[in-house]
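Participant: Below is one structure. I have some questions about it.
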Amino acid sequence: MADKTLTRMDLAEAVHEEVGLSRNDSAELVETVLGHISDALVAGEQVKISSFGTFSVRDKAARIGRNPKTGEEVPIHPRRVLTFRSSHLMKDKVASGNKG
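Number 43 in the UniProt record's numbering belongs to position 43 of the sequence shown; there are no gaps in the numbering.
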């Protein structure tokens, strides 16, 4: 597994090199796109990026959990969770990257 993490600045630098925008404009563009994605998810909308995947928010109901150490029952409160489902193209691309 690679130790490298792709950051906002990496994305901005890629936009700078590929599109030719200034570094500041590239960083602003990346922030704007990520802001739109975040705002949509907060509003409960699904975000689908073609050939990449789909981000969605699920509402999980309250339930009773159990502390594995003590066996004590503990209530788990209802919550919203973020999920990501990759597209088949992305799955194939990642799988083929694992081959030699």
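Every residue, glycine too, gets a C-beta built ideally from N, C-alpha and C.
Here the structure is a predicted model, which is why all the values come from computation and not from measurement.
1) Report yes if the C-beta distance between G53 and F84 is below 7 Å; otherwise report no.
2) Can the beta-carbon of K26 be found closer than 7 Å to that of A40?
3) Per the contact definition of three or more C-beta pairs closer than 8 Å, is the segment 54-62 in contact with the segment 79-94?
4) On the CB-based measure, 16 or more other CB atoms within 10 Å of its CB, does V42 come out buried or exposed?
5) Nearest to residue 134 by alpha carbon, out of S22, G20, V15?
6) Can you find the residues in the same chain that come closer than 6 Å, C-beta to C-beta, to E73, ignoring five residues on each side of it along the sequence?
7) Skipping 5 residues on each side, what residues in its chain have a beta carbon closer than 8 Å to that of M9?
Facilitator: In terms of the structure at hand:
1) Yes, these two residues count as a Cβ contact at 7 Å.
2) Correcting the residue type first, residue 26 is Ser in the shown sequence and not Lys. The Cβ atoms of S26 and A40 do not sit closer than 7 Å to each other.
3) Counting Cβ pairs under 8 Å, three or more are found: they touch.
4) V42 should be labelled exposed.
5) The chain is shown only over 1 to 100; residue 134 falls outside these bounds and no answer can be derived.
6) Contacts found: I64, R66.
7) So the qualifying residues of the chain are A27.
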